[in-house]
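I have placed the structure first, in the form of structure tokens, so that the comments after it can refer back to it.
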Amino acid sequence: MDKNTVIGLVLIGLVIFGFSWLNRPDPQEIEAQRKAAIEAARQDSIAKAEAELLAARTQEATPDSIKQAAGYNQYGLLAAATAGAEEQVELANGKIALKLSTKGGAIREVLLRDYKTHDGKPLYLFREGESDFNLPLRTVDNRLVDTRDLYFSPVSRTDSSVVMRLAVDSASYLDLAYVLLPDDYRLRMTVSGQNLQSLFPANMTMQDLEWSQRIRRQEKSWKFENQYTSIYYKYSGDEVDRLSDSKQEDKKTLEEPLHWVSFKDKYFASVLVCDSYFENNKLAQKTAAAGSDYLKNCTMSATFPLDVRPGTKAGFTFFFGPLKYNMLRAYDKGMKAEDNLDLDHLVYLGASIFRWINRYMIIPASTFLQQYFSNWGLIILLLTLGIKLLISPLAYKGYLSSAKMRLLRPQVQEINAKYPGKDQESMMKRQSATMNLYRAAGAGPMSGCLPMLLQFPFLIAMYMYFPTTIDIRQQSFLWAEDLSSYDAVFSWTADIPLLSQFYGNHVSLFCLLMSISNILYIRYTMNQSDTGQEGMAMLKWMPYITTVMFLFFFNQNASGLCYYYFLSSIITVIQYMSSRFIINEEKLMAKLEANKTKPRKKSKWMARLEEAQRQQEAMRRQQQKRK
114 MDKNTVIGLV
124 LIGLVIFGFS
134 WLNRPDPQEI
144 EAQRKAAIEA
154 ARQDSIAKAE
164 AELLAARTQE
174 ATPDSIKQAA
184 GYNQYGLLAA
194 ATAGAEEQVE
204 LANGKIALKL
214 STKGGAIREV
224 LLRDYKTHDG
234 KPLYLFREGE
244 SDFNLPLRTV
254 DNRLVDTRDL
264 YFSPVSRTDS
274 SVVMRLAVDS
284 ASYLDLAYVL
294 LPDDYRLRMT
304 VSGQNLQSLF
314 PANMTMQDLE
324 WSQRIRRQEK
334 SWKFENQYTS
344 IYYKYSGDEV
354 DRLSDSKQED
364 KKTLEEPLHW
374 VSFKDKYFAS
384 VLVCDSYFEN
394 NKLAQKTAAA
404 GSDYLKNCTM
414 SATFPLDVRP
424 GTKAGFTFFF
434 GPLKYNMLRA
444 YDKGMKAEDN
454 LDLDHLVYLG
464 ASIFRWINRY
474 MIIPASTFLQ
484 QYFSNWGLII
494 LLLTLGIKLL
504 ISPLAYKGYL
514 SSAKMRLLRP
524 QVQEINAKYP
534 GKDQESMMKR
544 QSATMNLYRA
554 AGAGPMSGCL
564 PMLLQFPFLI
574 AMYMYFPTTI
584 DIRQQSFLWA
594 EDLSSYDAVF
604 SWTADIPLLS
614 QFYGNHVSLF
624 CLLMSISNIL
634 YIRYTMNQSD
644 TGQEGMAMLK
654 WMPYITTVMF
664 LFFFNQNASG
674 LCYYYFLSSI
684 ITVIQYMSSR
694 FIINEEKLMA
704 KLEANKTKPR
714 KKSKWMARLE
724 EAQRQQEAMR
734 RQQQKRK
């Protein structure tokens with residue numbers, strides 16, 4: 114570096130220093146700059162805090178935004194109907210009281226005013242959370258929206274009617290109109306709307322429907338009540354059918370159109386009747402835990418006709434009530450046969466001849482007696498006497514046959530003494546001689562059995578009638594508090610294997626009396642009809658076996674049924690004893706002896722029997738020759 118360069122650099126430095134010195138701020142300016150810097154830092158802090166707060170607020174608001182966006186994606190045009198406050202709407206008449214919810218627009222609770230549970234509590238068919246009614250809506254924007262998730266608005270409210278309105282927009286809506294019929298157990302429901310083309314696709318013809326209910330326990334015996342709890346349904350213009358009431362779980366898919374579907378227990382039912390028909394029906398039921406507060410869980414899914422044409426509507430009728438046979442039959446009064454509801458089939462009266470006996474004989478008789486008597490113990494007694502009087506001609510023939518067998522007993526014993534031994538030849542000779550005696554005298558062991566067998570339809574019909582008629586529910590007689598249930602005079606809580614399962618944890622007195630009377634009946638009739646043949650000895654244990662079976666079968670059954678069987682057995686024994694005085698045995702014996710002298714044509718049955726005996730004898734002789 115030369116001298117001139119060094120001098121230039123020094124001069125430049127002096128100039129810069131001099132300029133800086135001459136332009137330095139005074140103390141006031143320095144203080145102002147310091148304050149300005151502090152204020153700028155404060156403003157930066159405020160701005161940062163506000164930015165952070167805004168960010169936080171934005172972050173907090175994000176879930177609602179997302180929810181709103183998700184709600185629209187899921188519900189589309191009906192997204193606005195997902196927000197609201199749930200309100201209960203009450204409808205009532207003299208028979209039932211209902212509660213409907215604005216969320217879903219469906220029935221949430223049904224109370225039967227005239228009935229109580231077995232322990233005296235108000236009887237609800239279902240309460241909140243125990244029933245669900247849903248219409249899955251397939252919207253024009255290709256979404257499936259459940260009405261159970263939407264809020265309806267109640268309009269046109271009265272004490273017995275309400276319209277639940279689902280708003281789509283300002284010009285279109287869907288209505289569920291409910292009208293409770295006066296002094297009745299029926300509720301009308303109509304599905305209709307305005308400008309439904311804005312909600313449903315133009316090609317819509319059918320609407321989905323889903324219905325479910327947990328069947329509440331109402332009676333004392335869970336096991337016995339569950340036996341009569343099931344889903345019943347009626348084919349359009351055809352018969353009534355049901356799911357199995359004994360299976361733990363049962364389901365069916367039915368393509369045939371249905372007129373109605375019912376969730377029923379022993380004495381009460383919820384029924385949904387379609388004015389048109391249900392299609393694509395799927396029914397299912399599952400038994401609840403034994404001894405719980407519920408019997409079965411029932412579900413139904415189906416479709417029904419509904420389209421977007423102006424003025425279109427679909428009509429339904431709910432029935433929430435007792436299974437009173439005459440009342441249910443009255444609903445079909447004035448209808449054409451093909452339009453009958455046949456709700457009376459919800460009362461199980463048996464099939465074929467048993468249902469015929471109950472429908473045309475027992476129910477009219479009991480209805481008539483209820484006009485004059487209120488005590489069901491007396492009514493059952495009169496019913497029993499009436500049935501015994503009706504079948505008395507058949508019973509008399511049975512008693513007459515028993516008398517013939519009794520009078521011929523000494524002669525049968527002579528035959529047994531003539532052909533002693535237990536070998537096949539002796540047994541066949543005794544049998545042949547005995548049958549010849551019966552044929553000649555005009556008697557026969559089967560002639561007394563047939564009249565008794567003809568009485569069985571009445572016994573079975575009453576077995577169907579008493580456990581299912583609501584008329585005897587909570588009707589007391591003597592020590593029985595409820596003739597529709599068991600009359601426990603002794604009970605225990607300990608679970609005894611097998612005994613508790615099949616017999617129960619109690620002793621039913623009417624069941625015990627029925628079993629004892631049955632022993633008396635069987636033993637007396639056996640003694641009177643004993644022919645002296647050895648085969649009768651095999652029947653000596655029959656009364657005891659029958660008694661044990663009856664004890665297990667009927668201990669948890671309706672005490673009214675056991676009371677009827679008890680009366681029937683006692684009256685039969687009295688009839689049997691009375692027949693000894695009515696039937697003149699001397700004249701009857703003379704007639705039997707006179708019959709022996711008359712030529713008698715063999716019946717086809719006797720001819721076949723004798724032919725079979727001859728063939729057996731021939732085969733026996735051939736076998737002996739081969740030996």
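Add 113 to the 1-based position in the sequence shown for our numbering, that's all there is to it.
The C-beta atom is built at its ideal place from N, Cα and C for all residues, glycine as well.
Taking just the CA atoms, how far does Lys-501 sit from Ala-443? One C-alpha to the other measures close to 30 Å.
Are three or more beta carbon pairs between the stretch 253-264 and the stretch 188-196 nearer than 8 Å? Put simply, the stretch 253-264 touches the stretch 188-196. At least three CB pairs are less than 8 Å apart.
From Arg-256, Gln-307, Leu-294, pick the residue whose C-alpha is nearest to that of Asp-420; which is it? Of the residues Arg-256, Gln-307, Leu-294, the one whose Cα lies closest to the Cα of Asp-420 is Gln-307.
Among Glu-392, Ile-585, Ser-681, which one has its Cα closest to the Cα of Ile-476? For Ile-476, the closest alpha carbon among the candidates Glu-392, Ile-585, Ser-681 is that of Ile-585.
Check whether Val-281 and Tyr-188 have beta carbons under 7 Å apart: In this structure, the beta-carbon distance from Val-281 to Tyr-188 does not fall below 7 Å.
Counting only beta-carbon atoms, is Leu-441 nearer than 7 Å to chain B? No chain B is present in this structure, which holds just one protein chain.
Which residues in the same chain as Ala-183 place their Cβ atom closer than 7 Å to its Cβ, once the five residues preceding and following it in sequence are excluded? Low per-residue confidence applies at Ala-183: pLDDT is 49, beneath 50, and the placement is therefore not dependable, though the value from the model is reported in the following sentence. Within the same chain, Ala-183 has no close Cβ partners at all.
Using the rule of at least 16 other Cβ atoms within 10 Å of the residue's Cβ for burial, across every protein chain shown, is Asp-232 buried or exposed? Classified as exposed, Asp-232 has fewer than 16 neighbouring CB atoms from the shown chains inside 10 Å of its CB.
What is the DSSP secondary structure of Thr-175, reduced to helix, strand or coil? The pLDDT assigned to Thr-175 is 47, lower than 50, so where the model puts this residue is not dependable, and the model offers no usable value.
Given this structure, state the Cα-to-Cα distance separating Ala-397 from Tyr-634, to the nearest angstrom. Their Cα atoms are separated by approximately 46 Å.
Is it true that the CB of Leu-190 sits closer than 7 Å to the CB of Ala-210? It is not a contact, given that the beta carbons lie outside the stated cut-off.
By a C-beta neighbour count over all protein chains shown, 10 Å radius and 16 as the cutoff for buried, is Gln-331 buried or exposed? Buried is the call here.
Distance between Ser-692 and Gly-511 (C-alpha atoms, nearest Å): Going by the C-alpha atoms only, they are around 10 Å apart.
What are the start and end residues of the beta strand (DSSP E) that includes Glu-362? Unbroken beta strand (DSSP E) run through Glu-362: 362-367.
By how many angstroms is the C-alpha of Ala-546 removed from the C-alpha of Gln-728? Taking the Cα positions, Gln-728 is about 16 Å away from Ala-546.
Do Leu-626 and Phe-667 count as a contact pair if the criterion is CB distance below 7 Å? Judged by beta-carbon spacing, Leu-626 lies beyond the 7 Å limit of Phe-667, meaning their Cβ atoms are not closer than that value.
Starting from Val-281, trace the alpha helix (DSSP H) in both directions and tell me its first and last residue. First-last for Val-281: undefined, no H or E at that position.
Which word fits Gln-614, buried or exposed, when buried means at least 16 other C-beta atoms lie within 10 angstroms of its C-beta? Gln-614 should be labelled exposed.
Buried versus exposed, by CB contacts within 10 Å (16 or more), Gly-242: Exposed: under 16 other Cβ atoms inside 10 Å.
Cβ pair count under 8 Å reaching 3, the stretch 333-340 against the stretch 243-252: Cβ pair count under 8 Å is below three, so no.
According to DSSP, is Gly-499 helix, strand or coil? In the three-state reduction of the DSSP assignment, Gly-499 falls in the helix class, which pools H, G and I.
Just mark Ile-493 as buried or exposed, buried being the case when its beta carbon has 16 or more other beta carbons within 10 Å. Ile-493 is classed as buried because its beta carbon has at least 16 other beta carbons within 10 Å across all chains shown.
Own chain residues within Cβ distance below 6 Å of Arg-251, not counting five before or after: Here Arg-251 has Leu-257 as same chain residues with Cβ atoms under 6 Å from its own Cβ, once five neighbours each way along the sequence are excluded.
Cβ-based neighbour list, Asp-363, same chain, cut-off 6 Å, excluding 5 preceding and 5 following: Around Asp-363: Leu-356, Ser-357, Gln-398.
Start-to-end residues for the alpha helix (DSSP H) that takes in Trp-335: Where Trp-335 is concerned, the enclosing alpha helix (DSSP H) stretches over 335-339.
I think Ser-305 touches Thr-425, with their Cβ atoms under 8 Å apart; what is that distance to the nearest whole Å? Ser-305 to Thr-425, Cβ: 7 Å. Contact.
Whole-angstrom distance between Tyr-473 and Ile-466, CA atom to CA atom: Going by the C-alpha atoms only, they are around 10 Å apart.
On the DSSP bridge assignment, give the partners of Ser-487 in chain order. DSSP output for Ser-487 lists no bridge partner at all.
Could you check the C-alpha separation between Asp-296 and Val-202 for me, to the nearest Å? Taking the Cα positions, Asp-296 is about 19 Å away from Val-202.
Skipping 5 residues on each side, what residues in its chain have a beta carbon closer than 8 Å to that of Glu-368? Closer than 8 Å at the Cβ level, and outside the excluded window around Glu-368, lie Glu-392, Asn-393, Asn-394.
In the DSSP output, which residue or residues are listed as bridge partners for Tyr-407? Partner(s): Arg-329.
When we look at the beta-carbon of Gly-673 and count the other beta-carbons within 10 Å, is it buried (16 or more) or exposed? Gly-673 is buried by the Cβ-count criterion.
If I follow the unbroken alpha helix (DSSP H) through Ile-573, where does it start and stop? Residues 569-578.
CA-to-CA distance, Lys-212 to Ile-220, given in whole angstroms: As the crow flies, the alpha-carbon of Ile-220 is around 6 Å from that of Lys-212.
Expected contact under 8 Å - CB spacing of Phe-590 and Asn-488 to nearest Å: Contact holds; Cβ gap of about 7 Å.
Meets three-Cβ-pair contact criterion under 8 Å: the stretch 317-327 and the stretch 398-417: Yes, they touch.
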